[in-house]
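Going down the list, the protein sequences come from chains A and B. For the first sequence, my numbering begins at 1 and goes up steadily by one. For the second sequence, my numbering begins at 190 and goes up steadily by one. Even for Gly, the Cβ is constructed at its ideal location relative to N, Cα and C. The structure appears right after this line, and notes come after that.
Number of protein chains: 2
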Amino acid sequence: MADINVTAKGTAVAGAAERPASGGAPADGPRLELAWDIIELLFFAYRDFVGDPDEVLSKLGFGRAHHRVLHFVNRNPGMKVADLLDILNITKQSLGRVLKQMVDQGYVLQKEGAQDRRQRLLYVTPKGEALALKLAGMQTARINRAIAELGPAAHESARRFLTAMIDADDREAVLRLIARADRAAQPRS
Amino acid sequence: MADINVTAKGTAVAGAAERPASGGAPADGPRLELAWDIIELLFFAYRDFVGDPDEVLSKLGFGRAHHRVLHFVNRNPGMKVADLLDILNITKQSLGRVLKQMVDQGYVLQKEGAQDRRQRLLYVTPKGEALALKLAGMQTARINRAIAELGPAAHESARRFLTAMIDADDREAVLRLIARADRAAQPRS
DNA sequence: AAAATATGTCAACATGGCTGACATAAATGT
DNA sequence: ACATTTATGTCAGCCATGTTGACATATTTT
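Here is the structure:
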């Protein structure tokens, strides 16, 4: 995938001459050390992380949007459409498009709410679950490979780091979501 | 941003009944523990990570594509168009569109290569650099906040984890890219 | 001189965001 | 009982950013 080759010859030489003096504060306050390494590693890591599922999905005529829907419905069976909209942070029109496809093709089904019959509670079908698990399996394989290289403590430290990277306001809700989904969707221990 | 509220009432109750028995191997081999926590944390962390710059960019009429171009050109002054294409992994037509806008609006400039005059080497202007640094500053602020919460060892462990998450084939090239850019673009210690 | 390379450009198309307007059914409030 | 609010869906159109294919131009390489 993607050869990354910023050829050493020529570029650096040519570049050295006209770089503006980049030492001053760029209107942002007193110079802080920029975390270029983490910024770029996150970019490449995320790119590869979603790249595996993307390949599988594209063969099915699906995209990343479908993946997100399938993932969260699988993890939160019986969730309301409104809940999914909040998590994905997109409009109902955008969601509607992909959701309709997944329902039509038998990956997701909607059932009228028992208490509130306006609601269309979302579930994955067995077919949908199989796909969701396949995709999660690919991502897990990558994660496990990484953790295996670094030692078992890496799981906890990655979890903490990623949690701390989330907006403070949302953190609690995200952790609750994960905890609840663990109970609801994967109840075999 | 995004209230995440998968309401506890109702959904779990309704959901319990028709979940298919999800214990078996889904055609993927013997059940591996799925790393749902990391998968979802990465999703939310990345969403917030790119969210800060997105807001600033949208006010300028730019999108994430512009950010990526500006970021890598700033980090690798004098890089060739072909290098940028390899890093971004998009077509020259897609790049052309956003690159043209940034050149026209004075964020990026192109200079004929000295050795090879077919090349259009890429540089940020002072205006472009200011924006690049502003965006990187926002992302750094988030990263530093996270690391501050977790202790200084978190930087190194995050770096290792993210590196290990990258495709093994690309890892070396990515690390070289980061190392080289550190020399080329931020030569003040 | 011919071929390969670096870059740019035109045209058309797909995906997945968005807004605005409107429709329907069911729950809720007075 | 009737009015309002809520949950969801849908139509229509726009925008950003990815794609393919074809072709143009300048320059370097063979």
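Can THR329/B and ALA35/A be called in contact, C-beta distance under 8 Å? For the pair THR329/B and ALA35/A, the CB atoms are nearer than the 8 Å cut-off.
Residues of its chain near LYS92/A, where Cβ-Cβ distance is below 8 Å and the 5 sequence neighbours each way are ignored: VAL81 and LEU85
Excluding sequence positions up to five away, which residues of its chain have a Cβ less than 8 Å from the Cβ of VAL174/A? THR163 and ILE166
In chain order, what residues of the segment 231-254 of chain B put their CB closer than 7 Å to some CB of chain A? Taking 7 Å as the cut-off between beta carbons, the residues of the segment 231-254 of chain B near chain A are LEU231, PHE233, ALA234, TYR235, ASP237 and PHE238, in sequence order.
Along the segment 98-114 of chain A, where does the CB come closer than 8 Å to a CB of chain B? Name the residues. LYS111, GLY113 and ALA114
Which value, in whole angstroms, describes the spacing of the CA atoms of GLU112/A and LYS127/A? Taking the straight line from one Cα to the other gives about 20 Å.
Residue-chain proximity (LEU223/B, chain A), Cβ-Cβ < 8 Å: yes
So which residues of chain A does THR352/B contact, with C-beta pairs closer than 8 Å? Chain order gives the chain A residues near THR352/B as LEU41 and ALA45, where near means a beta carbon separation below 8 Å.
Three or more C-beta pairs closer than 8 Å, one from the segment 324-343 of chain B and one from the segment 127-138 of chain A: is that the case here? no
Taking the straight line between their C-alpha atoms, what separation do you get for VAL313/B and GLN290/B? 13 Å
Whole beta strand (DSSP E) runs in the segment 111-162 of chain A with 3 or more residues, listed along the chain? 120-124
Under a CB-based cut-off of 8 Å, is SER421/B close to chain A? Since the first residue shown for chain B is 190 and the last is 378, residue 421/B is missing from the structure and cannot be characterised.
Under DSSP, the alpha helix (DSSP H) around ALA72/A begins and ends at which residues? The identity of residue 72/A in the sequence shown is Phe, whereas the question assumes Ala. 64-75 is the extent of the alpha helix (DSSP H) around PHE72/A.
Pick helix, strand or coil for LEU175/A, following the three-state DSSP scheme. helix
With a cut-off of 8 Å, do at least 3 Cβ pairs link the segment 65-78 of chain A to the segment 36-49 of chain A? Short answer: they don't touch.
Counting only beta-carbon atoms, is THR280/B nearer than 8 Å to chain A? no
Using a Cβ cut-off of 7 Å, pull out every chain A residue sitting near ARG331/B, in sequence order please. MET165
Could you give the residue range of the alpha helix (DSSP H) that holds ASP379/B? Not covered by the structure: residue 379/B. The range shown for chain B is 190 to 378.
Sequence-distant residues of its chain with Cβ nearer than 7 Å to GLU318/B (five each side left out): ASN263
How many Å lie between GLN294/B and GLY61/A at the Cα? 37 Å
To the nearest angstrom, how far is it from the Cα of ASP48/A to the Cα of ASP37/A? 17 Å
Using the three-state DSSP reduction, which class does LEU88/A fall into: helix, strand or coil? In the structure shown, LEU88/A sits in a helix (DSSP, three-state: H, G or I).
Compute the Euclidean distance between the alpha carbons of ALA181/A and ALA342/B, then round it to the nearest angstrom. 30 Å
Check the Cβ-Cβ distances between LEU150/A and every residue of chain B, and say whether any is below 8 Å. yes
Tell me the DSSP secondary structure of LEU246/B in three-state form. helix
On the CB-based measure, 16 or more other CB atoms within 10 Å of its CB, does ASP169/A come out buried or exposed? exposed
Top-ranked residue by Cα proximity to ARG171/A, from SER58/A, GLU40/A, PRO77/A and ILE87/A: Of SER58/A, GLU40/A, PRO77/A and ILE87/A, the residue nearest in Cα terms is ILE87/A.
Residues that ARG75/A contacts on chain B, provided the C-beta gap is smaller than 8 Å: TRP225 and GLU229
Excluding sequence positions up to five away, which residues of its chain have a Cβ less than 6 Å from the Cβ of ARG349/B? none
Excluding the 5 residues preceding and the 5 following HIS344/B in the sequence, name in chain order all residues of the same chain whose CB lies nearer than 6 Å to its CB. ILE336
Could you tell me which chain B residues have their CB closer than 7 Å to the CB of ARG160/A, listed as they occur along the chain? LEU339
Using a cut-off of 8 Å between C-beta atoms, extract the partners of VAL174/A located in chain B. ILE193, GLU229, LEU230 and PHE233
Can you give the Cα-Cα distance for ALA179/A and PRO266/B, rounded to whole angstroms? 45 Å
DSSP bridge partner residues for MET268/B (one or two, in chain order): Assignment of beta-bridge partners to MET268/B by DSSP yields LEU311/B.
Does GLY137/A come within less than 8 Å of chain B when only Cβ atoms are used? yes
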